[in-house]
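Everything on this sheet refers to the single structure shown next.
Protein chains: 2
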Amino acid sequence: MSFLGALRKSPLFSGLGRRSYTPPLSVSSMNRNMLGVQYEVRGVVPQQARRIQAELQNGSTEYPFKDIIFANIGDMHAMGQTPITFARQVLSLCMFPDQPDGTFPPDVHERAKNILDACSGRSIGSYTDSAGLALVRQDVCNYLEKRDGRPVDLNRLFLIAGASQGIRVLLQFFMNGSGQHRKKPAIMVPVPQYPLYSATLTELGAHRIDYYLDESLGWKLSVDNLYRLLEENKDEYETLCLVVINPGNPTGQVLTKDNMKDVLHFCQKNNVFLLADEVYQDNVYNSDRRCYSFKTILNSMGDEFKDFQMAAFDSTSKGFLGECGFRGGFMEVVGFEDDLLAQLRKIMNTKLCPGTTGQIAVSCEVNPPKEGDPSYAVFKQEKDTIMNSLVLRAEIVRSRLNAVEGISCNPVEGAMYAFPNITIPPKAIKEAESRDLSADTFYCLELLNETGVCVVPGCGFNQAPGTYHFRTTILPPEDLLTDMMDRIERFHNSFTQRYS
Amino acid sequence: MSFLGALRKSPLFSGLGRRSYTPPLSVSSMNRNMLGVQYEVRGVVPQQARRIQAELQNGSTEYPFKDIIFANIGDMHAMGQTPITFARQVLSLCMFPDQPDGTFPPDVHERAKNILDACSGRSIGSYTDSAGLALVRQDVCNYLEKRDGRPVDLNRLFLIAGASQGIRVLLQFFMNGSGQHRKKPAIMVPVPQYPLYSATLTELGAHRIDYYLDESLGWKLSVDNLYRLLEENKDEYETLCLVVINPGNPTGQVLTKDNMKDVLHFCQKNNVFLLADEVYQDNVYNSDRRCYSFKTILNSMGDEFKDFQMAAFDSTSKGFLGECGFRGGFMEVVGFEDDLLAQLRKIMNTKLCPGTTGQIAVSCEVNPPKEGDPSYAVFKQEKDTIMNSLVLRAEIVRSRLNAVEGISCNPVEGAMYAFPNITIPPKAIKEAESRDLSADTFYCLELLNETGVCVVPGCGFNQAPGTYHFRTTILPPEDLLTDMMDRIERFHNSFTQRYS
Numbered sequence: 091m092s093f094l095g096a097l098r099k100s101p102l103f104s105g106l107g108r109r110s111y112t113p114p115l116s117v118s119s120m121n122r123n124m125l126g127v128q129y130e131v132r133g134v135v136p137q138q139a140r141r142i143q144a145e146l147q148n149g150s151t152e153y154p155f156k157d158i159i160f161a162n163i164g165d166m167h168a169m170g171q172t173p174i175t176f177a178r179q180v181l182s183l184c185m186f187p188d189q190p191d192g193t194f195p196p197d198v199h200e201r202a203k204n205i206l207d208a209c210s211g212r213s214i215g216s217y218t219d220s221a222g223l224a225l226v227r228q229d230v231c232n233y234l235e236k237r238d239g240r241p242v243d244l245n246r247l248f249l250i251a252g253a254s255q256g257i258r259v260l261l262q263f264f265m266n267g268s269g270q271h272r273k274k275p276a277i278m279v280p281v282p283q284y285p286l287y288s289a290t291l292t293e294l295g296a297h298r299i300d301y302y303l304d305e306s307l308g309w310k311l312s313v314d315n316l317y318r319l320l321e322e323n324k325d326e327y328e329t330l331c332l333v334v335i336n337p338g339n340p341t342g343q344v345l346t347k348d349n350m351k352d353v354l355h356f357c358q359k360n361n362v363f364l365l366a367d368e369v370y371q372d373n374v375y376n377s378d379r380r381c382y383s384f385k386t387i388l389n390s391m392g393d394e395f396k397d398f399q400m401a402a403f404d405s406t407s408k409g410f411l412g413e414c415g416f417r418g419g420f421m422e423v424v425g426f427e428d429d430l431l432a433q434l435r436k437i438m439n440t441k442l443c444p445g446t447t448g449q450i451a452v453s454c455e456v457n458p459p460k461e462g463d464p465s466y467a468v469f470k471q472e473k474d475t476i477m478n479s480l481v482l483r484a485e486i487v488r489s490r491l492n493a494v495e496g497i498s499c500n501p502v503e504g505a506m507y508a509f510p511n512i513t514i515p516p517k518a519i520k521e522a523e524s525r526d527l528s529a530d531t532f533y534c535l536e537l538l539n540e541t542g543v544c545v546v547p548g549c550g551f552n553q554a555p556g557t558y559h560f561r562t563t564i565l566p567p568e569d570l571l572t573d574m575m576d577r578i579e580r581f582h583n584s585f586t587q588r589y590s
Numbered sequence: 091m092s093f094l095g096a097l098r099k100s101p102l103f104s105g106l107g108r109r110s111y112t113p114p115l116s117v118s119s120m121n122r123n124m125l126g127v128q129y130e131v132r133g134v135v136p137q138q139a140r141r142i143q144a145e146l147q148n149g150s151t152e153y154p155f156k157d158i159i160f161a162n163i164g165d166m167h168a169m170g171q172t173p174i175t176f177a178r179q180v181l182s183l184c185m186f187p188d189q190p191d192g193t194f195p196p197d198v199h200e201r202a203k204n205i206l207d208a209c210s211g212r213s214i215g216s217y218t219d220s221a222g223l224a225l226v227r228q229d230v231c232n233y234l235e236k237r238d239g240r241p242v243d244l245n246r247l248f249l250i251a252g253a254s255q256g257i258r259v260l261l262q263f264f265m266n267g268s269g270q271h272r273k274k275p276a277i278m279v280p281v282p283q284y285p286l287y288s289a290t291l292t293e294l295g296a297h298r299i300d301y302y303l304d305e306s307l308g309w310k311l312s313v314d315n316l317y318r319l320l321e322e323n324k325d326e327y328e329t330l331c332l333v334v335i336n337p338g339n340p341t342g343q344v345l346t347k348d349n350m351k352d353v354l355h356f357c358q359k360n361n362v363f364l365l366a367d368e369v370y371q372d373n374v375y376n377s378d379r380r381c382y383s384f385k386t387i388l389n390s391m392g393d394e395f396k397d398f399q400m401a402a403f404d405s406t407s408k409g410f411l412g413e414c415g416f417r418g419g420f421m422e423v424v425g426f427e428d429d430l431l432a433q434l435r436k437i438m439n440t441k442l443c444p445g446t447t448g449q450i451a452v453s454c455e456v457n458p459p460k461e462g463d464p465s466y467a468v469f470k471q472e473k474d475t476i477m478n479s480l481v482l483r484a485e486i487v488r489s490r491l492n493a494v495e496g497i498s499c500n501p502v503e504g505a506m507y508a509f510p511n512i513t514i515p516p517k518a519i520k521e522a523e524s525r526d527l528s529a530d531t532f533y534c535l536e537l538l539n540e541t542g543v544c545v546v547p548g549c550g551f552n553q554a555p556g557t558y559h560f561r562t563t564i565l566p567p568e569d570l571l572t573d574m575m576d577r578i579e580r581f582h583n584s585f586t587q588r589y590s
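From first to last, the protein sequence lines stand for chains A and B. Converting from the first sequence to the working numbering requires adding 90 to each position, the first position being numbered 1. Converting from the second sequence to the working numbering requires adding 90 to each position, the first position being numbered 1.
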């Protein structure tokens with residue numbers, strides 16, 4: 091036995107060990123960046139909502155309502171949306187291919203066969219290329235070519251496990267750079283923003299430059315504001331990346347073509363990478379306002395944009411599919427030199443591959459049944475029902491919220507959320523302070539406790555100082571949504587009165 | 091228009107911009123840690139293999155073989171293993187529930203119904219709790235309770251998107267700590283190791299302390315060695331975490347009970363967190379050597395272990411399921427204070443949820459059909475066929491490799507890999523140097539080019555200096571595996587002769 095071996099078996103050594111075990115991991119010793127992360131979409135209000143729901147399910151009669159309305163998260167199926175039959179049939183058949191022809195429509199059998207042929211060992215249980223099945227990426231190429239007007243290189247497409255995963259990987263590329271010719275890196279993020287960005291940047295220890303969207307102009311993105319912030323920060327920070335969420339989350343606005351051109355010019359002139367979060371591209375409710383992808387606009391720009399770098403993200407969790415549970419999506423990278431692309435591919439390799447279910451969902455999203463296909467009629471009817479109802483619901487939310495004294499809400503042009511401005515009386519702000527809560531968290535908790543409506547306080551998305559908001563989805567079915575608006579209206583009036 | 095707005099529209103400004111666009115992201119400016127990551131499992135040799143495969147599929151007759159044998163990755167389905175019928179039927183039905191009773195056996199319908207009842211909106215397309223469906227976690231609790239001998243708290247279980255994802259999150263907790271009472275954090279990792287660890291730690295910028303497994307003793311883990319390394323590094327580093335892979339990847343050894351106790355004592359005495367990578371728990375081929383989980387052993391230890399911290403990982407990609415494409419798995423954390431657990435849950439919240447397909451696969455893995463269930467007979471026959479064949483294949487690989495002069499291989503007691511030691515002649519080492527390749531990479535590329543066998547060079551897993559290895563899976567079907575062994579034998583002999 092070695093000296094150390096003998097030492098550790100001696101009573102002295104183990105006696106010391108016995109008295110002194112200190113858990114190596116604790117809140118006081120853990121990663122400080124992770125400790126600083128906040129994520130209110132699944133934070134204090136939704137957690138309280140789940141507790142109440144459990145009590146209700148156990149027969150509690152303590153609350154003046156019978157059910158919780160979960161309007162905190164953009165989850166269409168949870169709110170009762172029926173899955174798209176074509177996608178589910180393809181997936182069902184890929185899962186268990188040993189079913190006779192004719193079990194499903196012929197185009198379902200054909201799609202499933204093509205997918206299985208593309209899988210190693212003809213099983214969706216095998217790993218795929220870390221960028222996803224080439225077959226599905228080809229579907230995406232065809233879709234993007236049609237949408238954006240130019241051919242897309244298959245090798246610049248990556249299927250991802252939901253947009254969040256891809257965005258996280260990409261943002262990480264900007265951290266901890268070579269340091270020789272750089273100031274501290276900074277990323278520009280909208281306010282209000284989807285908290286994936288604040289959470290990820292906090293986790294990475296990155297500096298965030300907040301650019302405020304103008305609520306008084308329908309959450310307009312002011313490019314002058316971007317120039318100003320760049321200028322103000324330029325001594326200390328190098329702004330490497332601009333995040334644009336279009337349609338906006340939680341704000342629901344859709345950018346105009348001119349606005350997007352200005353954004354591209356800003357990035358091009360200042361060597362800023364554009365991260366285009368376009369997961370709500372298909373969720374547009376204002377018939378006057380077409381939603382363009384940044385790639386479409388980029389393709390229309392001049393020669394000085396030929397090396398332009400950007401990445402765009404889409405997800406199967408949103409759009410008409412709403413298959414959040416499948417964790418599917420794709421990312422297109424633009425202007426990456428081959429060696430940089432190889433680095434991105436290497437990092438994706440360490441993540442093995444996105445789940446095959448999500449990959450198949452991508453195929454069904456970008457390459458759905460076409461006119462003449464056996465599944466087309468059902469598909470079209472299902473998709474139209476979903477999209478028409480969303481248009482209606484976006485308008486219900488806007489109009490009902492604006493009808494309440496002390497609430498004002500911009501139009502929900504796209505995405506699945508409204509982010510109304512709420513007037514909170516000074517007495518309520520004081521009360522919230524005394525409970526160590528932000529005023530809008532207090533408001534949302536009271537709303538939950540009194541009405542069963544679960545929304546997320548605006549502080550979880552950041553907001554202009556002194557303003558208060560909440561984010562609600564527009565996803566409850568129409569009758570439930572109307573009920574929810576009734577509850578919010580009653581609550582807001584009584585809350586305002588109580589604290590006046 | 092603001093001053094800045096005017097400035098950016100002036101010809102001077104845009105003219106300057108036009109001349110000077112520098113892509114913000116490049117290999118020279120990107121994250122240095124990410125740049126340093128290596129991941130050979132999908133690296134140079136497998137990439138070359140895919141290129142050759144594409145050429146063969148396009149009719150090339152340039153190679154002295156007709157097919158590539160992919161023995162580089164632990165992917166059972168890719169190598170022809172048939173999926174477990176029960177799991178696939180449950181998944182198929184969850185995907186498309188609108189199928190009459192009797193489509194599948196009654197226990198399949200029952201399982202699918204229970205899962206759908208547990209999903210929001212009765213759809214597996216909705217988000218689940220970020221820790222996974224409580225129903226599935228309860229299945230895991232029951233499984234672990236039976237395996238490890240003590241009840242498990244549902245709240246300490248997290249379903250994850252494959253073990254890799256969970257391991258990455260956990261390792262990140264050790265980085266960037268409070269810094270007040272700490273030296274630089276270090277993580278102990280075996281050599282050879284699965285490169286997820288080296289890749290992740292490089293990406294995190296963490297210090298890795300390599301502990302060598304003893305090849306001459308069947309890749310034994312020497313705990314004396316751990317004490318020695320801790321001592322040697324203690325002035326500069328605080329060893330916070332020890333990674334143990336059991337059964338070993340790429341090494342295939344299974345730890346003895348006594349060895350595991352010694353590991354636990356080492357961790358307990360030195361406040362080192364134990365990360366137990368147990369994804370190959372069900373892949374054990376030596377009938378004399380039972381594979382224990384660390385939790386089982388921990389449960390047998392004395393009072394001084396009551397606060398002991400560890401985390402254990404399992405995956406649906408391995409075991410008898412082999413469903414790599416579904417990205418399922420689970421993690422149990424032990425000894426986490428409530429506030430620390432809340433931090434872990436918060437971070438998992440930002441990742442939304444693991445894919446539901448993987449979650450359902452976990453349910454089928456840990457709670458398969460039982461004796462008396464309608465699906466039991468088929469399940470048992472399928473599982474036995476897989477496991478018996480793996481036992482046979484483990485022995486084919488070991489015995490055939492050892493029969494080659496200049497190759498020696500420890501028994502494959504578990505996991506799915508052999509990591510044989512290869513003697514490479516000095517002339518070949520020189521030739522490799524002249525091509526700027528490591529000698530084992532050169533060997534593996536030559537093996538690929540001459541025989542179509544794709545294995546991964548030992549350098550991708552780290553190895554003792556001056557030794558050379560490759561990792562091969564034991565997964566090709568028996569006849570193909572024999573063919574592959576023939577090819578390796580012929581190649582090794584001719585390679586040795588050529589460079590002697």
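Where a beta carbon is used, it is the ideal one built from N, C-alpha and C, also for glycine.
Only residues of its own chain outside the window of five on either side were considered, and among them Gln-128, Tyr-129, Glu-130, Val-131, Gly-133, Pro-285, Arg-561 have a CB closer than 8 angstroms to the CB of Gly-550 (chain A), listed in chain order. Among the residues of the region 132–156 of chain B, those with a Cβ less than 9 angstroms away from any Cβ of chain A are Arg-132, Gly-133, Arg-140, in the order of the chain.
Leaving aside the five residues that flank Glu-413 (chain A) on each side, the residues in its chain whose CB is nearer than 6 angstroms to its CB run, in chain order, Thr-406, Ala-451.
By the criterion of a C-beta distance shorter than 7 angstroms, Arg-380 (chain B) is surrounded by no residue of its chain, once the five residues flanking it on both sides are discounted. By the C-beta density criterion, Glu-568 (chain A) is exposed, having fewer than 16 other C-beta atoms within 10 angstroms.
Here Glu-536 (chain A) is buried, its C-beta having at least 16 other C-beta atoms within 10 Å.
Neighbourhood of Gln-399 (chain A) in chain B, by CB distance below 7 angstroms: Pro-113, Pro-114, Leu-115, in chain order. Linking Asp-428 (chain B) to Lys-351 (chain B) through their CA atoms gives a straight-line distance of about 27 angstroms.
In the structure shown, the three-state DSSP call for Ala-518 (chain A) is helix. Closest in alpha carbon position to Gln-138 (chain A), among A:Asp-393, A:Asp-573, A:Val-543, is A:Val-543.
Excluding residues up to 5 positions away in sequence, Asn-162, Thr-531, Cys-534, Leu-535, Leu-538, Cys-544, Val-545, Val-546, Pro-547 lie with their Cβ nearer than 8 angstroms to the Cβ of Val-135 (chain B) in the same chain. Checking the DSSP bridge columns, you'll see Val-424 (chain B) partnered with B:Met-400. Secondary structure at Thr-329 (chain B): strand, using DSSP grouped into helix, strand and coil. Excluding its 5 nearest sequence neighbours in each direction, Thr-513 (chain A) has C-beta neighbours in its own chain below 8 angstroms: Gly-496, Ile-497, Tyr-558, Thr-586, listed in chain order.
For Leu-442 (chain B), the three-state secondary structure derived from DSSP is coil. For Met-278 (chain B), the uninterrupted beta strand (DSSP E) run begins and ends at 274–281, by DSSP.
Against Ile-163 (chain B), the close residues of chain A are Tyr-217, in the order they occur along the chain (beta-carbon pairs closer than 8 angstroms). Rounded to whole angstroms, Ala-484 (chain B) and Arg-122 (chain B) show a C-alpha spacing of 40 angstroms.
At a cut-off of 9 angstroms between C-beta atoms, Leu-330 (chain B) counts as an interface residue with respect to chain A. Excluding its 5 nearest sequence neighbours in each direction, Pro-187 (chain A) has C-beta neighbours in its own chain below 7 angstroms: Ala-202, Leu-206, listed in chain order. Taking all protein chains in view, the Cβ of Glu-455 (chain B) is crowded by 16 or more other Cβ atoms within 10 Å, so the residue is classified as buried. Rounded to whole angstroms, the Cβ separation of Val-279 (chain A) and Arg-298 (chain A) is 5 angstroms, and the two are in contact under 8 angstroms. As summarised for the region 329–411 of chain B, the continuous alpha helix (DSSP H) elements at least 4 residues long and confined to that stretch are 347–360, 384–389, given in chain order. Taking each of A:Pro-566, A:Arg-588, A:Leu-261, A:Leu-345 in turn and checking the Cα distance to Leu-482 (chain A), the smallest one comes out for A:Pro-566. In chain order, Pro-113, Pro-114, Leu-115 make up the part of chain A whose C-beta sits under 9 angstroms from the C-beta of Phe-363 (chain B). Between Ile-250 (chain B) and chain A, the shortest Cβ-Cβ separation is not below 9 angstroms. Taking the CA atoms as reference points, Lys-460 (chain B) sits about 23 angstroms from Leu-247 (chain B). The contact set of Ile-214 (chain B) on chain A, defined by CB atoms closer than 7 angstroms, consists of Gly-415 in chain order. Here Arg-417 (chain A) is buried. Its C-beta has 16 or more other C-beta atoms within 10 Å. Of the residues assessed, Lys-156 (chain A) falls on the exposed side of the cut-off, its CB having fewer than 16 other CB atoms within 10 angstroms.
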